[in-house]
Amino acid sequence: MAYISFQPSDFFNTILYTGDSGAAQAQTGVGFSADLTWIKDRDSSEEHVWTDTVRGATYWIRSNATNAQGSIASLLQSWQSDGFTVGNNGVVGTTDDYVAWNWKAGTTTGLTGGTITPSAYSFNATPQVGIYKRTGTASAGTITHGLGGVPKMIITKNLTDTANWRVYHTSIGSGNGINLNESAGDYSDANLWNGTDPTSTVYSIGSSNDTNKSGSDFIDYVFCPVKGFSSIGKYTGNGSTDGTFVYTGFRPAFIMLKRWNATADWMLFDTKRLGYNADNNALNPNLTDAAGTTDYLDINSNGFKFRTSDSLVNHSGGYFLYMAFAEFPTVSSNDIPGVAR
């Protein structure tokens with residue numbers, strides 16, 4: 204029996220492209236009009252560019268920095284039915300090679316309830332991915348997400364001020380936080396998420412300036428695990444070249460992970476760059492570095508397995524959180540079983 208009735212590429216897809224320094228470069232092959240597009244130059248030390256339809260084209264934030272939101276006309280200029288158009292800014296459109304990770308949401312009306320009302324949003328209850336823009340109140344409250352599942356990872360950025368990217372992850376709990384723009388481990392702060400885990404209807408925001416500063420604008424990226432499409436969880440490293448195996452129930456297309464009980468960079472893998480075992484090169488969401496060449500893991504039909512004892516991904520006794528999206532479920536809607544690469 205199939206886990207899902209859709210193909211993962213209907214709602215998440217990675218594309219590679221090479222810029223040509225043109226003023227308007229159409230990049231195709233996404234397969235849908237994305238609502239969240241994250242672009243990184245693979246060749247050079249450049250910023251991670253986060254754009255979404257809730258904030259609008261040309262507006263960007265960068266996961267490797269604390270900068271407030273900016274707008275540059277030569278960045279991502281628009282989204283189309285099968286991709287997007289970028290300008291000639293060096294972070295998206297010179298003659299370098301780029302990777303773009305894309306998620307589809309799309310529902311922009313109909314949310315009611317909660318004590319904090321987003322000023323704009325886009326969500327989809329099928330892949331259970333949501334994007335919510337709101338203004339801080341400095342008072343703890345709840346936001347209706349409309350996803351149907353229970354969010355297990357929330358990435359929040361203050362758009363108005365210089366501030367860290369705050370992350371809720373189910374593995375470290377609602378009394379703690381971790382920063383996407385830093386290598387530091389987790390820390391205790393119940394005021395980030397009001398010490399309250401999300402439910403199937405709402406997620407909570409505390410009174411902290413880091414997630415709810417009065418008068419500042421915030422963006423929340425909210426993800427629920429969906430069997431056969433996404434997996435959000437944790438694992439413990441074993442410190443061996445015959446490394447820990449993490450079961451996801453699908454062949455991953457995208458894996459983002461972080462050791463939370465020590466200082467370690469965030470690590471990101473996908474199946475489009477090189478794309479064969481064990482040559483799955485990492486990028487780091489908290490760094491501007493170009494893609495590395497170290498071999499860390501195999502991507503399997505039902506998860507991923509580490510082939511190194513490197514402390515960034517498989518430290519003995521290290522605690523790691525992760526979020527993964529599928530390339531192919533273990534059993535697809537056409538009843539064809541998934542296979543390793």
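In my numbering, each residue carries its 1-based index in the sequence shown increased by 203. Here a beta-carbon is modelled for each residue, glycine too, at the ideal position from N, C-alpha and C. Bear in mind the structure is a predicted one, so any value in this text is a computation, not a measurement.
Is DSSP giving residue i helix, strand or coil here?
| i | result |
| --- | --- |
| V429 | coil |
| D392 | coil |
| L490 | coil |
| V289 | strand |
| D148 | Look at the range of the chain in this structure, 204 to 544, and you will see that residue 148 is not part of it. |
| T345 | strand |
| N270 | coil |
| M204 | For M204, the predicted structure reports a pLDDT of 48, less than 50, and the residue's modelled location is therefore unreliable. The matter cannot be settled from this model. |
| D223 | coil |
| N415 | helix |
| Q331 | coil |
| R245 | coil |
| T439 | strand |
What does a CB cutoff of less than 7 Å around residue i pick up in its chain, not counting 5 residues either side in sequence?
| i | result |
| --- | --- |
| F472 | I458, N483, A485 and L500 |
| L383 | S266, I358, W368, V370, W469, P488 and N489 |
| N537 | Its pLDDT being 49, under 50, N537 is placed unreliably in this model, and the value from its coordinates should be taken loosely. Closer than 7 Å at Cβ, skipping near neighbours: no residue. |
| S403 | G351, G352 and V353 |
| A456 | P211, F215, T217, D473, T474, F528, A529 and E530 |
| T399 | S377 and S407 |
Among the options, whose alpha-carbon lies nearest the alpha-carbon of residue i?
| i | options | result |
| --- | --- | --- |
| N379 | W368, F453, R258 and A393 | A393 |
| Y262 | S284, D246 and L239 | L239 |
| G349 | Q331, W241 and N397 | Q331 |
| V449 | N397, T466 and R510 | R510 |
| R258 | S325, L219, W304 and F214 | S325 |
| I435 | S277, A527, G309 and E250 | A527 |
| D299 | N412, D246 and R454 | D246 |
| Y301 | L278, D400, T399 and Y220 | Y220 |
By Cβ distance below 6 Å, which residues in the same chain neighbour residue i in space, the five residues on each side in sequence not counted?
| i | result |
| --- | --- |
| G521 | G440 and R462 |
| V345 | For clarity, residue 345 is Thr in the given sequence; the question names Val instead. G317, T318, V405 and S407. |
| T288 | A227, A229, Q280 and S281 |
| G296 | G222, Q228, V289 and G290 |
| M204 | Below a pLDDT of 50, predicted positions are generally treated as unreliable, and M204, at 48, falls in that range; the measurement from the model is reported next regardless. None. |
| Y438 | T447, V449 and F523 |
| T311 | S325 |
| T231 | D285 and G286 |
Please list, in chain order, all residues of the same chain as residue i whose beta carbon is under 8 Å from its beta carbon, the five residues on each side excluded.
| i | result |
| --- | --- |
| K430 | Y206, I207 and G452 |
| D492 | S248 and L486 |
| A268 | E250 and N384 |
Under the DSSP definition of a beta bridge, which residues are partnered with residue i?
| i | result |
| --- | --- |
| D400 | DSSP, once it has assigned bridges, lists no residue as partnering D400. |
Flag residue i as yes if its beta-carbon sits less than 9 Å from any beta-carbon of chain C, otherwise no.
| i | result |
| --- | --- |
| V405 | As a matter of chain content, chain C is missing from the structure shown, which is built from one protein chain. |
- Message: Suppose only complete runs of 3+ residues qualify. What are the beta strand (DSSP E) ranges in the segment 444-530, listed by chain order?
- Response: Runs of the beta strand (DSSP E) inside the segment 444-530: 448-450, 453-462, 470-473, 500-503 and 506-509.
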